[in-house]
Each structure stands twice: as C-alpha cells, then as structure tokens.
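I have placed the structure first, in the form of structure tokens, so that the comments after it can refer back to it.
Put into structure tokens, the structure is as follows:
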C-alpha cells in the first residue's frame, strides 16, 4: 500500500506526525515522505532524528493555498493532521481557528483534487460530534468538507475519508504529561474538573495504526471510528499518584462531562464492523457507490440499532488503574 508511494502529512511535526513517520519508515519503503508544516524549528529538530533519504521537509501553512498546490505535486497519499487543537485558544482566537481548521481543510481538498492524489484521510476528534466548543465545531465543518469532497471529485479518482478518535495518551498538551509535570514538581494535589468525567483513550501508535489500516479499507466518504476503551479521570489521577489528594476545580468552558464519537442522530447510517464503526455520509454521491455496509476489503458490517450512541460513558470497556499505570509508563518512557 505504501511501498513506492509519495506520502504527504500536513502538521507533520506534531505528536501524531512523528509517530506516523516513524511507523512508515519502520514498516514500508515509501518513495518520499513529505512533512508539511509551518514551524521551521520543529522541522529542524525533527530532521535530526528522521533523516532517511526519502524524507522531505516543506515549510508551509495549510492556509496558504498556493504553497499547498506546489507541495501536492506527484503526491499519492495525504494525511491531513494540521489543526489548531487547543479548546481555550480556539475560544479566545475564533477567527484564527476557523482559518486553519475550515479554510485549511478546503485548501487541502482543492490541492489534492487538482493534482490527482489517490487517497486523503483527514484526522478528526470526538469533540466534532455534537460540538459544544469552537474547536469541535470547526472540526465538524472540516469533516463535512472532506466527505462532500467525494462529490466534488466527479470522475476524478481522488477519494477522501475521515478518521475520528478520542484523547491520545501523552500527546502534546494532554492530561498525562500535565499530571506528570505536577507530580514531578512536588504538587500536593491533582486538579480534577469533575469526579464523573470520562474520556475515550488510545495511544499514539493505536491512532497511527488505525489510520494506516483505513487507507486500505476506505471507499471514500466514510467516517471511521475505532472501538477503544474509556477512562475515568479520577482513575487516571489515582493511577498516576495514588497518595495525592484530588481537587475538584470544575468543568472548563467548552468542555463536556462525557465525549461522543457516534451520535445517536447518526445511528440510521452508522455501521458496526468487528473493531470499528463507520458513519456513512448523510448525502448521496452521484458518481460513486453509496453502500457503506461493505468496505474496500470486502468486510461486511451491520447497521446499528436506532438511537445507538457510542459515548465514553456507555462504553463497555473501561481501563483499570493497573492498565492505566502500564500504559502511562510505556508512553512517558518513549
């Protein structure tokens, strides 16, 4: 699938991008791996570690349509990971968030279509399902753009899909390194926003593996959701610092008590496969097959029950404190 291919990843210097690049280099022989991002220092630092002959580092912003057009030439596969992701920053800088997450998505789509890219996968978030903050709302807009792009393609062979998942353990700005820094600095309490809060949980490697597998499964237009465990935030704190007191500080603006990945309103076009769900497009494609009960590998799914909702509270799999300790130890040691 990836051998001999040219792969471009936007936002490639982020946590996901680094793990994605490391995985591709370890498992495949791509012709070129292009990191497209706007931070020259992060690219310089990344080049010290990832200096394989196939690597290319392009300075550019997804807001810059002309630069994206140049970067997409002769590209086969694209992962769109670039986004403004911090909820408070998005609330405080709404126009900037919209320019990157919505305008940038449009630019990626147009450049991919103009240059005949084979497949594009855009990364989304559980915050895009029934969004209550601007970040989630912009990612929902992005999701809709990438789904609808399959209609825009017409007879163009380019296909677009979306991958949606939850909190990534140890990613930049996430709660595990935040708690770890507090513990190491001698804090006597850990701040908990709400004692009943739950979140979906997966490692960077799990996220990368899910994206890679969906390049083979995708038919274009579907939104992939992995079956992953949930965590209780109080269990996470207990796993990391069992002797520290937990201080309840209240839910922050734009934050949910529980996250959703498959909303109940989408149940009439949500399909369950063995280890993931697919939310099929709510629109019909005029030049493509609209049956998403079978993926590109021929695997078959069942339509979920009416009203089905996949959220972090009703999840059947919660991580134990022991499992959290093992996972955190692995992530923090990387």
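Numbering (the working numbering), first residue to last: 12 to 345. Note that CB positions come from ideal geometry on N, CA and C, so glycine has one too. Computed from a prediction, not measured in an experiment: that's the story for all the values here.
I'd like the ranges of any beta strand (DSSP E) spanning at least 3 consecutive residues and lying wholly in the segment 83–123. Counting only runs of 3 or more, we get 88–91.
So, is residue 3 buried or exposed, given that buried needs 16 or more other C-beta atoms within 10 angstroms? Limits of the chain in this structure are 12 at one end and 345 at the other, which puts residue 3 out of reach.
Take residue 65 and list the residues in its own chain whose beta-carbon comes closer than 7 Å to its own, dropping the five residues that flank it on each side. Against the chain shown, residue 65 aligns to sequence position 54. Cβ-Cβ distances below 7 Å link residue 65 to 41, 42, 43, 44 in the same chain, with the five nearest sequence neighbours on each side left out; the list follows chain order.
How many Å lie between residue 168 and residue 127 at the Cα? Mapped onto the chain shown, residue 168 falls at position 157. Mapped onto the chain shown, residue 127 falls at position 116. About 7 Å.
Under the three-state reduction of DSSP, which class applies to residue 65: helix, strand or coil? On the chain shown, position 54 is the one that residue 65 refers to. Here residue 65 sits in coil by DSSP.
Would a C-beta distance cut-off of 8 Å place residue 68 and residue 59 closer than the cut-off? Taking the chain shown and counting its residues from 1, the one referred to as residue 68 is at position 57. Taking the chain shown and counting its residues from 1, the one referred to as residue 59 is at position 48. Not closer than 8 Å, so no.
On the DSSP bridge assignment, give the partners of residue 257 in chain order. Along the chain shown, read from residue 1 onward, the residue named residue 257 stands at position 246. For residue 257, which the question treats as bridged, DSSP gives the partners 201.
Cα-Cα separation, residue 75 to residue 110: Along the chain shown, one-based indexing puts residue 75 at 64. Along the chain shown, one-based indexing puts residue 110 at 99. Their backbone Cα atoms lie some 10 Å apart in a straight line.
Do the segment 171–186 and the segment 216–233 touch if we need at least three Cβ pairs shorter than 8 Å? As far as the Cβ criterion goes, the segment 171–186 touches the segment 216–233, which means the pair count is three or higher.
In the DSSP assignment, the beta strand (DSSP E) including residue 283 goes from what residue to what residue? Stepping through the chain shown from its first residue, residue 283 is reached at position 272. Start and end: 281–283.
So what's residue 17 in DSSP terms, helix, strand or just coil? Here the question's residue 17 lines up with position 6 in the chain shown. Under the three-state reduction of DSSP, residue 17 is assigned to strand.
Boundaries of the alpha helix (DSSP H) in which residue 186 is found, first to last residue: The residue labelled residue 186 in the question sits at position 175 within the chain shown. Note, residue 186: alpha helix (DSSP H), 186–195.
By how many angstroms is the C-alpha of residue 37 removed from the C-alpha of residue 238? Stepping through the chain shown from its first residue, residue 238 is reached at position 227. Stepping through the chain shown from its first residue, residue 37 is reached at position 26. Note on geometry: alpha-carbon atoms of residue 238 and residue 37 lie some 25 Å from one another.
Nearest-angstrom Cβ-Cβ length linking residue 28 and residue 92, presumed shorter than 8 Å: Here the question's residue 28 lines up with position 17 in the chain shown. Here the question's residue 92 lines up with position 81 in the chain shown. Under the criterion of beta carbons closer than 8 Å, residue 28 and residue 92 qualify as touching, at roughly 6 Å.
Could you say which of 132, 285, 185, 196 lies nearest to residue 247 if we only look at CA atoms? Along the chain shown, one-based indexing puts residue 247 at 236. Nearest C-alpha to residue 247: 185.
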